[in-house]
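Sequential numbering from 12 applies to the sequence shown in our numbering.
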Amino acid sequence: MKNLAKEHKTAHIDSKKGFKTHLLVFVLTVQVLWLTWLLTDQTVLWPLWQNAAWAVGVLFHYLGVYVFKNKTAIPRLLASVFAFTSFSAVASCNSNNDDNSGKPQTYVLVHGAWQAPYVWDEVKANLMKNGNSVIVVELPGHGKDNTPNQNLSLNLYRDKVIEALSKVNGKVVLVGHSMGGMVVTAVAESIPTKISRLVYIGAFLPTSGQAIADIAKTDPDSQLGPTLIEAADHLTLDVKSDELTRLFINDGTAAAKQKVIDNYRAEPAIPFSNAVTLTSQNFGSVEKVYIKTLQDIVISPRLQDQMISKAGIKTIYEINSSHSPFLSQPKAVSDVLIQIGKQL
């Protein structure tokens, strides 16, 4: 009986040793594979993998301190090194995430019709808080500019924006709203290599040979047309005063609506009939982004979709806003523009 018990005990010990040996081999193998992955690819750890790295780090720290405490120095050392590497990977990844703000960008913002640079004030402030540079262009015949209406044209608008871009070192994120979409399109045709991204916000996006007047005729959902009043000299267009805020910022605060009223002036008419000529070599070479304004009754979402499709734009964002999201939802606009900048 004693011999039998001794043999049983010996077999149990051998089995236990065998299990520990297999466990040791398994652990060391996993260590090597995981350590290799961490050292070669830790910069792309996702949050889930960060948590996994913490968990595995703790596990192997435990193995190194307790399970292998009676083993040779090598497995204990490897377990400790692996645990340290796991923790370091997490710290490195967290640091990368904190710094994942992208390099600062220069944004050039172009307003639309019946508007002026003031509409970008809050968006500009938000972009600058994130370390970016911002240039807001005042188109001729808008804001405080007193260029005679008969001298205005789409080309003059284009040249004003080109002048602003010429003062910037490197490329810019060029943003156009509404009629400003026509302007930035013309700019992209002229100096495509100066633009890292061309961004349209509820904007006209023409094909070659089109003018704003041509595109507007294809938008039966727009409520702008019936509210327009043409001047006797045909040089300006007014919007009926009682329709102004309903059309452009029906989702805005009372203060935002009052700002639109206070800064209103008649819109020069000639540029609406100026067509733009585009080529695939120039305009077609610029990466484009469209930000849809889903509650827009000036440039309807249906027309926006049609223009996006014709231009072949693949990067599309949506803001559930009226025609002027930079006034009614400036943070939403800023956040999207910052996100676009981070991708550069």
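Quick reminder that beta carbons are idealized off the backbone N, C-alpha and C, glycines included. These numbers were taken from a predicted model, which means no experiment stands behind them.
Out of curiosity, what's the CA-to-CA distance linking residue i and residue j?
i: Gln306; j: Leu258; result: 10 Å
i: His334; j: Leu163; result: 24 Å
i: Asn157; j: Pro279; result: 11 Å
i: Asn166; j: Ala197; result: 8 Å
i: Val179; j: Asp244; result: 39 Å
i: Ala265; j: Asn293; result: 43 Å
i: Thr256; j: Lys182; result: 35 Å
i: Ala136; j: Leu185; result: 17 Å
i: Asp273; j: Ile324; result: 36 Å
i: Asp170; j: Glu200; result: 12 Å
i: Pro115; j: Gly154; result: 28 Å
i: Ser284; j: Thr204; result: 27 Å
i: Asn143; j: Thr117; result: 6 Å
i: Val101; j: Pro336; result: Note on Val101: pLDDT 47, under 50, position unreliable in the model; no value is reported.
i: Val121; j: Val130; result: 10 Å
i: Asp132; j: Gln126; result: 12 Å
i: Ile226; j: Pro128; result: 24 Å
i: Lys270; j: Val347; result: 24 Å
i: Leu355; j: Pro159; result: 39 Å
i: Leu209; j: Ala124; result: 19 Å
i: Gly295; j: Tyr275; result: 35 Å
Taking 8 Å as the threshold (C-beta atoms), are residue j and residue i in contact?
i: Val345; j: Val195; result: It is Ser, not Val, that sits at residue 345 in the sequence shown. No, they are not a contact pair.
i: Val297; j: Ile206; result: yes
i: Gly251; j: Ile260; result: For clarity, residue 251 is Lys in the given sequence; the question names Gly instead. No, Cβ-Cβ distance for Lys251 and Ile260 is not below 8 Å.
i: Leu216; j: Gln161; result: no
i: Gln315; j: Lys303; result: yes
i: Gly113; j: Lys353; result: yes
i: Glu254; j: Thr238; result: yes
i: Asp262; j: Ser189; result: no
According to DSSP, is residue i part of a helix, a strand, or is it coil?
i: Tyr275; result: coil
i: Val210; result: strand
i: Thr158; result: coil
i: Asp253; result: helix
i: Ser144; result: strand
i: Ile327; result: strand
i: Glu241; result: strand
i: Gly263; result: coil
i: Gly152; result: coil
i: Gly187; result: strand
i: Val309; result: coil
i: Val287; result: coil
i: Ser335; result: coil
i: Thr117; result: strand
i: Lys303; result: strand
i: Thr196; result: helix
i: Thr204; result: helix
i: Lys353; result: helix
i: Leu314; result: helix
Leaving out five residues before and five after residue i in sequence, what residues of the same chain have Cβ atoms less than 6 Å from its Cβ?
i: Ile349; result: Asn141
i: Asp232; result: Ser311 and Arg313
i: Gly220; result: Ala286
i: Ala277; result: Thr247 and Asp249
i: Leu289; result: Glu200 and Ser219
Here's a check: name, in chain order, each residue in its chain whose Cβ is nearer than 8 Å to the Cβ of residue i, leaving out the five neighbours to either side.
i: Ala4; result: Here the chain has residues from 12 to 355 only, and residue 4 is not among them.
i: Gly236; result: Ala227
i: Met139; result: Val145
i: Ala242; result: Leu248, Asp249, Ala277 and Ala280
The ligand SAH heavy atoms versus the CB of residue i: any closer than 7 Å?
i: Pro151; result: Looking at this structure, you won't find the ligand SAH or any other ligand, since it has none at all.
Once you ignore the five residues that flank residue i on each side, which residues in its own chain have a CB closer than 7 Å to its CB?
i: Ile202; result: Ile173 and Leu176
i: Tyr168; result: Leu150, Pro151, Val194 and Pro282
i: Ile327; result: Tyr301, Lys303 and Ile319
i: Gly192; result: Tyr211, Ala214, Phe215 and Leu216
i: Ile223; result: Met190, Met193, Phe215 and Phe283
i: Pro341; result: Glu133, Val134 and Asn137
i: Ser291; result: none
Counting only beta-carbon separations shorter than 8 Å, does residue i have a partner in chain D?
i: Ser189; result: The chain inventory of the structure shown lacks chain D, comprising one protein chain alone.
If residue i and residue j are in contact, beta carbons under 8 Å, what's the gap, nearest whole angstrom?
i: Ala267; j: Ser339; result: 6 Å
i: Ile330; j: Ala343; result: 5 Å
i: Ile308; j: Gln234; result: 5 Å
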